[in-house]
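**Student:**
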Amino acid sequence: MYSEKVMDHFSNPRNMGEIENASGVGTVGNAKCGDIMRIYLDIDEGHVIRECKFKTFGCGAAVATSSMATELVKGKTIQEAMAVTNQAVMEALDGLPPVKVHCSLLAEEAIHAALWDYAQKNGIEIEGLKKPRSDIHEDEQAAEEY
Amino acid sequence: MDKNIIYLDNAATTRTLPEAVEAMLPWFSERYGNASSIYAMGAESKKKIEQVREQIAGTLHVSPREIYFTAGGSESDNWALVAAAESYADKGRHIITSKIEHHAVLHTCQYLEKRGFEVTYVDVDGDGILRPEELEEAIRPDTILISVMFANNEIGTLQPIEEIGRIARKRGILFHTDAVQAYGHVPIDAQALAIDMLSASGHKLGGPKGIGFLYIRDGLKLRSFVHGGAQERGRRAGTENVPGIAGLGAAVEAAFTHMQEREERIRQLRDYLIERIEREIPFCRLNGHRTRRLPGNVNFCFRFIEGESLLIMLDMKGICASSGSACTSGSLDPSHVLLAIGLPHEIAHGSLRLSLSGENTRQEMDRTVEAIKEIVEKLRRMSPLYEDFLKEENLKEEETCTAKR
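Chains as they are written, first to last, in the working numbering: chain A, 63 to 208; chain B, 12 to 416.
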């Protein structure tokens, strides 16, 4: 069901853990729906993401997308990190089963939430960054009911 | 199969017993006659079918003419519900079932609701057992059918079938039970239990997939389900699956011989597994009733973790199990059974079902506990829910310490 890359990132997740006094922390998802992601960012004065860690409650795809997302934003500037979309995460993982696409959306959203936290704390604006939704499932559920 | 595999998903399907496979083989290429044909080779097939029918009837204490072969449990459930509803619609259009039925029953009920029937889904208690009083209260003058499973497939709880049968018979309502998980594992006397219809499946008891049966009590006017032939007394058309029936016969033979000793051995393994998990893994919860459950069923929730992750990691260690998490069902909601026993969503997502067979050993149970322990710990280290929980606990501790001072 999962690609080798997904399995690799699931069984050996990169950057799993916490950052104390992180520059930005974002938590998205909903335990009710079975996945929560938390991203910690350590960002230097030049707006470069020096360190990125994650913690995730969720399925194999949720863990793998978190792991891959942290890999993709590490070392990037915050503006470059904005370009790490769910599509980019999925491609880097050689794809996800259709029912797991929402996991990659969650990863993108978690990065954005952490960046938002950083922007709020530092009183800056990041181009293209909107206030994150705390729960990406709201839309999905609405769509399902529809 | 890899010798190192530990198979703990017998509620999903069982290994087809070697004797079942052997019993099937002649009916493929040697004795392949159509049971409806007039010549000797056809008659041989017919004879085999009738012999297995008689054998199954014996295990349920019913008459062979009351056993109808089907393609399995789901077909049997579909047939029983749809045909009973349609055949008795002039008496009423109300059906009662439970909230923890298999989807073969629940989705069929939903289908019937779209066709103008009304369905009451009766609650279960925290252990997953239906209260007969509640069922009785749900009965209306137009109730025509009650369908309650014999044993639940996820949490293994055995339902009060005898009481339900008594209530249904007293009120003149048809009683169907989905016994897919129970048949061949616990004794069932369909007559004494006042069961009108019973579904069972071959591959849950060591038989092949694609064969099952429906018991229909004599005297029930139930319309046919598959049209187009005189097979199964005109009620289920289609050339009989003779190899499947022969395999089912061998599996039933094996299941009912030494049932008590075998199931007792499984029960001991089950209780050993439950005891070790409860003792050695913190923040876990046994789902389902402790004793009124199938001998081979173990179902736990582990807080702060998600079931699919746990399953994949168990698979990496060669352990086959299943979960009621949303991710394994392809929807956002976790198992309806776990929600029905009152578990909150986030806890229901972290469920694990281990279903044992007579082939499992104590060593396998030990290896399984060690594996679960290691994996649960690993996943909790990864879990933001656990992180938050620990922080809250620390805070509480600090508060109490300060208060003491």
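Glycine included, C-beta positions come from ideal geometry on N, C-alpha and C. These numbers were taken from a predicted model, which means no experiment stands behind them.
Going along the stretch 104–129 of chain A in order, which residues come within less than 7 Å of chain B, judged by CB to CB distance?
**Tutor:** 117, 118, 119, 120, 121, 122, 125
**Student:** Where does residue 190 of chain A land, buried or exposed, given buried means 16+ other C-beta within 10 angstroms?
**Tutor:** Locating residue 190 of chain A in the first sequence gives position 128, where the first residue counts as 1. Under this definition residue 190 of chain A is an exposed residue.
**Student:** What three-state label does DSSP hand residue 213 of chain A in the structure shown?
**Tutor:** What is shown of chain A runs 63 to 208, which leaves residue 213 of chain A out entirely.
**Student:** In whole angstroms, what separates the C-alpha of residue 158 of chain B from that of residue 95 of chain B?
**Tutor:** Locating residue 158 of chain B in the second sequence gives position 147, counting from the first residue. Locating residue 95 of chain B in the second sequence gives position 84, counting from the first residue. Cα to Cα, residue 158 of chain B sits roughly 11 Å from residue 95 of chain B.
**Student:** Using a Cβ-Cβ cut-off of 7 Å (strictly less than) and excluding sequence neighbours within five positions of residue 369 of chain B, which residues of its own chain qualify?
**Tutor:** Along the second sequence, read from residue 1 onward, the residue named residue 369 of chain B stands at position 358. For residue 369 of chain B, where only same-chain residues beyond five positions count, the Cβ hits under 7 Å are 273, 276, 277.
**Student:** Would a C-beta distance cut-off of 7 Å place residue 31 of chain B and residue 217 of chain B closer than the cut-off?
**Tutor:** Counting from 1 along the second sequence, the entry for residue 31 of chain B is found at position 20. Counting from 1 along the second sequence, the entry for residue 217 of chain B is found at position 206. In contact: residue 31 of chain B and residue 217 of chain B (Cβ atoms closer than 7 Å).
**Student:** Taking only beta carbons into account, state which residues of the stretch 374–403 of chain B come closer than 7 Å to chain A, listed in chain order.
**Tutor:** Those would be 393, 394, 395, 396, 398, in chain order.
**Student:** Tell me, please, whether the CB atom of residue 317 of chain B is closer than 7 Å to any CB atom in chain A?
**Tutor:** For the purposes of this step, residue 317 of chain B is taken as the residue at position 306 of the second sequence. Residue 317 of chain B counts as touching chain A.
**Student:** Out of B:150, B:236, B:351, B:83, which one is the CA nearest neighbour of residue 248 of chain B?
**Tutor:** Numbered from 1 along the second sequence, position 237 holds the residue referred to as residue 248 of chain B. Measuring from the Cα of residue 248 of chain B, the nearest candidate turns out to be B:236.
**Student:** Does the beta carbon of residue 96 of chain A come closer than 7 Å to any beta carbon on chain E?
**Tutor:** Note that chain E does not occur in the displayed structure, where the protein chains are A and B.
**Student:** Within 7 Å (strictly less), CB to CB, does residue 292 of chain B reach chain A?
**Tutor:** Counted from its first residue, the second sequence places residue 292 of chain B at position 281. No, its Cβ sits nowhere closer than 7 Å to a Cβ of chain A.
**Student:** Using the rule of at least 16 other Cβ atoms within 10 Å of the residue's Cβ for burial, across every protein chain shown, is residue 397 of chain B buried or exposed?
**Tutor:** Working through the second sequence from its first residue, we reach residue 397 of chain B at position 386. Per the 10 Å Cβ criterion, buried.
**Student:** In the DSSP assignment, find the alpha helix (DSSP H) that holds residue 259 of chain B and state where it starts and stops.
**Tutor:** Here residue 259 of chain B corresponds to residue number 248 of the second sequence, with the count starting at 1. Here the alpha helix (DSSP H) through residue 259 of chain B covers 253–267.
**Student:** So, under 8 Å CB-CB, residue 305 of chain B and residue 192 of chain B are touching, yes? Tell me the CB distance rounded to an integer number of Å.
**Tutor:** By one-based count along the second sequence, residue 305 of chain B stands at place 294. By one-based count along the second sequence, residue 192 of chain B stands at place 181. 6 Å between Cβ atoms; contact.
**Student:** Quick check on the DSSP output: what are the complete beta strand (DSSP E) runs of length 3 or more inside the stretch 130–174 of chain B, in order along the chain?
**Tutor:** Those beta strand (DSSP E) runs which fall completely within the stretch 130–174 of chain B and span 3+ residues are 154–158.
**Student:** Judging by CA-CA distance, which residue of B:174, B:409, B:316 is the nearest neighbour of residue 182 of chain B?
**Tutor:** Taking the first residue of the second sequence as 1, we reach residue 182 of chain B at position 171. Comparing Cα-Cα distances from residue 182 of chain B to each of B:174, B:409, B:316, the minimum goes to B:174.
**Student:** Nearest by alpha-carbon distance to residue 122 of chain A: which of B:322, B:410, B:382, B:367 is it?
**Tutor:** Taking the first sequence and counting its residues from 1, the one referred to as residue 122 of chain A is at position 60. The option with the nearest alpha carbon to residue 122 of chain A is B:322.
**Student:** I'd like to know whether the C-beta atoms of residue 118 of chain A and residue 126 of chain A end up nearer to each other than 7 Å.
**Tutor:** Translated into the one-based positions of the first sequence, residue 118 of chain A becomes position 56. Translated into the one-based positions of the first sequence, residue 126 of chain A becomes position 64. No. Outside cutoff.
**Student:** So residue 316 of chain B and residue 387 of chain B are supposed to be a Cβ contact under 8 Å. How far apart are they, rounded?
**Tutor:** In the second sequence, residue 316 of chain B corresponds to position 305, counting from 1. In the second sequence, residue 387 of chain B corresponds to position 376, counting from 1. Their Cβ separation, rounded to whole angstroms, is 6 Å, which keeps residue 316 of chain B and residue 387 of chain B in contact under 8 Å.
**Student:** Report the partner residues of residue 86 of chain A according to the DSSP bridge assignment.
**Tutor:** Sequence index remark: in the first sequence, residue 86 of chain A carries index 24 (1-based). According to DSSP, residue 86 of chain A bridges with A:103.
**Student:** Just how far apart, CA to CA, sit residue 131 of chain A and residue 173 of chain A?
**Tutor:** If you number the first sequence from 1, residue 131 of chain A lands on position 69. If you number the first sequence from 1, residue 173 of chain A lands on position 111. CA-CA distance, residue 131 of chain A to residue 173 of chain A, rounds to 8 Å.
**Student:** Helix, strand or coil for residue 101 of chain B? Go by DSSP, reduced to three states.
**Tutor:** To locate residue 101 of chain B, count along the second sequence from 1; it is residue 90. Correct three-state label for residue 101 of chain B: coil.
**Student:** Which residues bound the beta strand (DSSP E) around residue 115 of chain A?
**Tutor:** Numbered from 1 along the first sequence, position 53 holds the residue referred to as residue 115 of chain A. Taken as a continuous stretch (DSSP letters only), the beta strand (DSSP E) holding residue 115 of chain A covers 111–119.
**Student:** For residue 139 of chain A, go through chain B and note every residue whose CB falls closer than 8 Å to its CB, in chain order.
**Tutor:** The residue you call residue 139 of chain A lines up with position 77 of the first sequence. Per Cβ cutoff of 8 Å: no residues; residue 139 of chain A is ~26 Å from chain B at best.
**Student:** Spell out whether any CB of chain A is found under 7 Å from the CB atom of residue 356 of chain B.
**Tutor:** One-based indexing of the second sequence puts residue 356 of chain B at position 345. The beta carbon of residue 356 of chain B falls within 7 Å of a beta carbon belonging to chain A, placing the residue at that interface.
**Student:** Among the residues of its own chain, which have a CB less than 6 Å from the CB of residue 169 of chain B, if the five just before and after it don't count?
**Tutor:** Residue mapping note: residue 169 of chain B aligns to position 158 of the second sequence, counting from 1. Counting only Cβ-Cβ distances below 6 Å, and skipping sequence neighbours, we find 162, 303.
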